[in-house]
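Below is one structure, written out as structure tokens; comments come after it.
Number of protein chains: 2
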Amino acid sequence: MTITITAFERSPDGGKGLARDTRVRWALEEVGQPYEVRLVSFRAMKEPAHLALHPFGQIPTYEEGDLALFETGAIVFHIAQHHAGLLPAHSDGDANARARAITWMFAALNTVEPPILELVTARIFEGDKPWAKERVPLVEARVRTRLEQLSARLGDADWLDGAFSAGDLMMASVLLRVRSSGLLDDYPNLAAYLARGEARPAYARAFAAQLAINTARQ
Amino acid sequence: MTITITAFERSPDGGKGLARDTRVRWALEEVGQPYEVRLVSFRAMKEPAHLALHPFGQIPTYEEGDLALFETGAIVFHIAQHHAGLLPAHSDGDANARARAITWMFAALNTVEPPILELVTARIFEGDKPWAKERVPLVEARVRTRLEQLSARLGDADWLDGAFSAGDLMMASVLLRVRSSGLLDDYPNLAAYLARGEARPAYARAFAAQLAINTARQ
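If you read the protein sequences in the order shown, they are chains A and B.
Just so it is clear: in the first sequence, position 185 is 185 by the numbering used here, and no numbers are missing.
Just so it is clear: in the second sequence, position 126 is 1126 by the numbering used here, and no numbers are missing.
Written out as structure tokens, the structure is:
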């Protein structure tokens, strides 16, 4: 069955790979599944047809036969569950390793990403507010707390828990969103971890695919 | 094997059920699994022994034999995968329903909860800042956007997708955190949805268990 995902007709980042369809593309590339993309305009995202697919009016969505999913984490998890390559296999006899890899997916999305998104909000959407200058450092401090803890846990390892997993895919994708702030520079092992993620051929293909759409339309 | 979770020795909310161990207790009660609780002080949470279990120095954690997990979403998902009662069974022949229930877990944690936590930050941790009065309404507007969309999707249904699932457990737990703001009052179907969650006997047992700890120590 054909897999179809949705992506921004024109991504707000102009193709830097920060839009969440990149995470889904990366997962599909890691497991070697072809997919089609349906582009959605900002206006169409808020219209009934898209809201039926994604109640929060966002991208990406995932359709395969009669299955329709939204929410990047859920989509990447679904791909990881149904294809080899993103989670330790049950047959490895280490069900615990699989549970721990899933833990890192949730940690990326619910513990590390929220303060990073707050920083994006503080710097960009509220960047012209009178409180921005005083408030941005407060939010940066919250991001630093998480980066510090993540850096301590990663240590000298290549990936968060053994082999590369969907947990690393998600964590690297989250770290991508904070790189432009410069905060990652203080955590060389995290910067190297992110670089290892970007160096994966599957990531390179995913990045190129979203860039092609965004540059073709500019 | 004994299941042991961690919880605050003294919860910042004084036992209102907002600490994340309540979510794990609720899940364990739904599936009928007994569990033990190890209480952790704020100081101990940042010490090496706890950080080895939870790299971000938080509660809850989950230990069962040689499995150690952190991150509420991952713990609830693990419980839901290993015991009947929180996810549509594979044997129901509707693997899609299971994938959709998991989607709502991620949506609760990564789409609905982040603006709600931003509002908690804006009102409480930054409540004394000079920008609080002007900024809180901005953050409230972001929360309203999500509540509006969630309300539209829920409609007249009892639960988000068929029978009660781990997705509802997580979404109701997230909505609990916004109730004190009064914003839920504008979405009667969401308030009723939350009340249905709280009315579940498993929730009542989970709530009572965390309250007993917090009132015993005050």
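Beta carbons: idealized from backbone N, C-alpha and C, even for Gly.
The Cβ neighbour count for T1111(B), taken over all protein chains shown within 10 Å, is at least 16; the residue is labelled buried. Using a CB distance below 7 Å, the part of the stretch 58–79 of chain A facing chain B consists of D66, L67, L69, F70, E71, G73, A74, F77, H78, ordered along the chain. Around the beta carbon of M1001(B), fewer than 16 other beta carbons sit within 10 angstroms, so the residue counts as exposed. The continuous alpha helix (DSSP H) containing F1042(B) extends over residues 1042–1045. Interface criterion not met: the Cβ of I3(A) is under 8 Å from no Cβ in chain B. If you compare the alpha carbons of I79(A), P55(A), L53(A) with that of P34(A), the shortest gap goes to I79(A). When secondary structure is reduced to three states using DSSP, A89(A) falls in the coil class, being assigned neither helix nor strand.
Taking 4 residues as the minimum length, the alpha helix (DSSP H) runs contained wholly in the stretch 1185–1216 of chain B are 1188–1198, 1201–1216, in order along the chain. Remark: three or more beta-carbon pairs, one from each stretch, lie closer than 8 Å, so the stretch 1055–1066 of chain B and the stretch 1003–1023 of chain B are flagged as touching. Minimum Cα-Cα distance from T1072(B) among the listed residues H54(A), Q81(A), R100(A), I75(A) corresponds to R100(A).
A Cβ-Cβ separation of about 17 Å leaves A1007(B) out of contact with L1051(B) under the 8 Å criterion. In chain order, R1025 place their CB closer than 7 Å to the CB of A1209(B), counting only its own chain and leaving out the 5 sequence neighbours on each side. Judged by DSSP secondary structure, A68(A) falls outside any alpha helix (DSSP H) and instead within the beta strand (DSSP E) spanning 67–70. When 8 Å is used as the limit between beta carbons, I1102(B) is near these residues of chain A: A74, F77, H78, in chain order.
Assignment of I5(A) by DSSP, reduced to helix, strand and coil, places it in the strand class.
Of the other Cβ atoms in all chains shown, fewer than 16 fall within 10 Å of the Cβ of E1047(B); this residue is therefore exposed. With contacts defined as CB atoms closer than 8 Å, I1102(B) and A74(A) qualify as a contacting pair. Annotation: L138(A) to L67(A) spans about 42 Å, alpha carbon to alpha carbon. Under the Cβ distance rule, A1027(B) does not count among the residues neighbouring chain A, no pair being separated by less than 8 Å.
The beta carbon of E118(A) sits closer than 6 Å to those of V139, all from its chain and outside the five residues before and after it, given in chain order. Three or more Cβ pairs closer than 8 Å define a contact, and the stretch 1086–1096 of chain B falls short of that threshold against the stretch 119–137 of chain A. Secondary structure at L39(A): strand, using DSSP grouped into helix, strand and coil.
In the three-state scheme derived from DSSP, where H, G and I count as helix and E and B as strand, E1063(B) is classed as strand.
Counting only the Cα atoms, A1089(B) lies some 11 Å from A1163(B). Among the CB atoms of chain A, none fall inside 8 Å of the CB of A1192(B). Annotation for H1050(B): the continuous alpha helix (DSSP H) segment containing it runs 1048–1053. When DSSP states are grouped into helix, strand and coil, L1160(B) belongs to the coil group. Nearest CB-CB separation between A1107(B) and chain A: below the 8 Å threshold. Sequence-ordered contacts of the stretch 1030–1043 of chain B with chain A are nonexistent [C-beta pairs closer than 7 Å]. For the stretch 147–180 of chain A, residues whose beta-carbon sits nearer than 8 Å to a beta-carbon of chain B comprise Q149, L150, A152, R153. For the pair R1135(B) and P1115(B), the CB atoms are not nearer than the 8 Å cut-off.
With a threshold of 8 Å between beta carbons, T6(A) makes no contact with chain B. Here E140(A) carries a helix assignment [DSSP, helix/strand/coil].
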